[in-house]
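Q: Numbering (this note's numbering), first residue to last: 55 to 441. Below you will find the structure I want to go over with you.
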Ligand code: FES
Ligand SMILES: [Fe+2]
């Protein structure tokens, strides 16, 4: 378990070793855009169908590359026109004209991983320690997907994940939506841990007022729901609700992008196999879920300290809080693994520091000294800079 007093903020360095959502797939186009993640800006663009992601700072004068344009599968900076290839290699420095040998430090370092899944783009800044979570229903043609608008909130990703997995707040926070019918007592349930994730399953009785089979006399009003919660660390969450008697399933996916210490972007999607392709019913389901999310955010945005405690002694836990205690354990284990590796390996291998300076071409080259002596290169010779 975590060290005494250890908490997890939105920009904890351990989170660099994880997958995070950074955009919906449709938001990433041939026009570069910016995404904030763990306090760092990234530029995203789509070239020949493939999403590319680089730190949103040109190595030349640190201008945001997201102001640039896509070109030949790569990107051209809007400031002095340096062009970078699909893998980030610097291919052109227009001010130098013609052929020129460019040092490695002129290149962009791509994200360790970029993947599109379930209609979103996920990014791992550094080699991830845990696999990206799955949404099996996103691949299943029996399910339709409905997306809530991605929203930005003053919130802590760890606390939002905690809230999604929390089973004791429904009658108090969700009185305006689904909470009025919910019992305050949390049923007993099992938490099954695997790697950096866990699954929680329980079944309970409820009044299925939406089932047409009730009115037709085919099924009783009191039926059962099986709820399956799944967490894949750090903030990839899914709830599947199976209707035992009436059949059908509803899935809510909840994916959190920790942007800065005080900001999160929240992606919520629904997968339903019971709406018969009716867009009006999906729109209604999305609106309802939006109202549920707003109820949750009223509490989440009011927290003074935007951190999730990993040290269990910082909070009080009850039998009804086993899911959210397991979240803290999983995240504490992940943080521990990231810190152990960071301590054991040279920082370049783990912490993603830039490629070491390679020095200038042997002759000083065009890149080293140009015209009146302006120093353009990357070598360890700052004293040669003309002012
Ligand atoms: S800042 Fe990007 S080319 Fe100069
Ligand atoms: Fe809630």
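Positions of the beta carbon are idealized from the N, C-alpha and C atoms, including for glycine. Here the structure is a predicted model, which means the values were calculated and not measured.
Would you say the region 296-314 touches the region 179-197, given that touching needs at least three Cβ pairs under 8 Å?
A: Enough Cβ pairs lie closer than 8 Å, so yes.
Q: If you reduce the DSSP assignment to three classes, tell me which class residue 115 lands in.
A: Coil, per DSSP.
Q: Considering Cα atoms alone, identify which of 74, 66, 62 and 67 is closest to residue 319.
A: Considering only alpha carbons, the answer is 74.
Q: With respect to the alpha helix (DSSP H) encompassing residue 382, which residues constitute its N-terminal and C-terminal limits?
A: Residue 382 -> alpha helix (DSSP H) spans 376-398.
Q: With a CB to CB cut of under 6 Å and the five nearest residues on each side skipped, what residues in its chain are close to residue 212?
A: Excluding positions up to five away in sequence, the list reads 62 and 362.
Q: What's the gap between the Cα of residue 416 and the Cα of residue 156?
A: Because residue 416 carries a pLDDT of 36, less than 50, the predicted location of this residue cannot be relied on, and the following value inherits that uncertainty. Taking the straight line from one Cα to the other gives about 12 Å.
Q: In angstroms with no decimal places, state the Cα-to-Cα distance between residue 105 and residue 398.
A: So the alpha carbons of these two residues sit roughly 32 Å apart.
Q: Would you identify the three-state DSSP class for residue 79, choosing helix, strand or coil?
A: DSSP places residue 79 in helix when its eight states are reduced to three.
Q: Return yes when at least one heavy atom of ligand 2 lies under 7 Å from the C-beta of residue 350, else no.
A: For ligand 2, at least one heavy atom lies less than 7 Å from the Cβ of residue 350.
Q: Run through DSSP, which three-state label would residue 279 get?
A: In the structure shown, residue 279 sits in a strand (DSSP, three-state: E or B).
Q: Taking the alpha-carbon positions, what's the residue 402 to residue 395 distance?
A: Residue placement at residue 402 is poorly supported in this model, since its pLDDT is 47, which falls under 50; the coordinates still yield a value, given next. Roughly 12 Å between the two C-alpha positions.
Q: Does DSSP classify residue 95 as helix, strand or coil?
A: Three-state result, residue 95: strand.
Q: Would you mind reading off the limits of the alpha helix (DSSP H) that contains residue 152?
A: Segment: none, residue 152 is in no alpha helix (DSSP H) and carries neither H nor E.
Q: At which residue ranges does the region 287-340 contain complete beta strand (DSSP E) runs of 3 or more residues, listed in the order of the chain?
A: Entirely contained in the region 287-340, the beta strand (DSSP E) runs reaching 3 residues are, in chain order, 290-297, 303-314 and 317-326.
Q: Under the assumption that residue 343 contacts residue 329 (Cβ atoms under 8 Å), give the Cβ distance between them as a whole number of angstroms.
A: About 13 Å; that fails the 8 Å criterion.
Q: Can you name the start and end residues of the alpha helix (DSSP H) that residue 218 belongs to?
A: Residues 211-219.
Q: From the DSSP output, which residues share a beta bridge with residue 199?
A: 325.
Q: Count the other C-beta atoms from every protein chain shown that fall within 10 angstroms of the C-beta of residue 58, then say buried if there are 16 or more, exposed otherwise.
A: Exposed is the call here.
Q: I'd like the list of long-range same chain contacts for residue 72, defined as Cβ closer than 6 Å, with 5 residues on each side in sequence excluded.
A: Cβ within range, chain order: 182 and 288.
Q: Can you tell me which residues fall inside 5 Å of ligand 1, judged by beta-carbon distance to its nearest heavy atom, and keep chain order?
A: Going along the chain, the residues that qualify are 112, 114, 115, 117, 131, 133, 134 and 136.
Q: If you draw a straight line from the C-alpha of residue 216 to the C-alpha of residue 381, how long is it?
A: Answer to the nearest angstrom: the Cα atoms are 7 Å apart.
Q: Kindly indicate which residue of 95, 99 and 69 has the alpha-carbon position closest to the one of residue 79.
A: Closest by alpha carbon: 99.
Q: Beta carbon of residue 143, beta carbon of residue 161: below 8 Å?
A: Contact flag set, yes.
Q: Given residue 352, which residues of its chain have a CB within under 8 Å of its CB, disregarding the five upstream and five downstream residues?
A: Same-chain partners within the cutoff: 227.
Q: Check for me: the alpha helix (DSSP H) holding residue 225 runs from which residue to which?
A: It spans 224-227 - the alpha helix (DSSP H) in which residue 225 sits, taken as one unbroken run.
Q: Please return the same chain residues whose Cβ sits closer than 7 Å to the Cβ of residue 137, not counting the five positions on each side in sequence.
A: Only 125, 128, 130, 145 and 146 meet the Cβ criterion.
Q: Shorter than 7 Å, the distance from the beta carbon of residue 227 to the closest heavy atom of ligand 2, or not?
A: Indeed, a heavy atom of ligand 2 lies less than 7 Å from the Cβ.
Q: Report yes if the C-beta distance between residue 466 and residue 313 is below 8 Å; otherwise report no.
A: Limits of the chain in this structure are 55 at one end and 441 at the other, which puts residue 466 out of reach.
Q: If distances are taken between C-alpha atoms only, which option among 349, 322, 391 and 222 comes closest to residue 202?
A: Minimum Cα distance to residue 202 is reached at 322.
Q: Residue 267 lies in the alpha helix (DSSP H); which residues open and close that run?
A: Taken as a continuous stretch (DSSP letters only), the alpha helix (DSSP H) holding residue 267 covers 266-269.
Q: In this structure, does DSSP put residue 259 in helix, strand or coil?
A: Strand at residue 259.
Q: Whole angstroms are fine: how far does the CA of residue 258 sit from the CA of residue 65?
A: Spanning the two alpha carbons is a distance of roughly 38 Å.
Q: Are there any heavy atoms of ligand 2 lying less than 7 Å away from the beta-carbon of residue 254, as far as the coordinates show?
A: Answer for residue 254: no, Cβ out of range of ligand 2.
Q: Short of 6 Å in beta carbon distance, which residues of its chain neighbour residue 60, apart from the five on each side in sequence? Order them along the chain.
A: 364 and 365.
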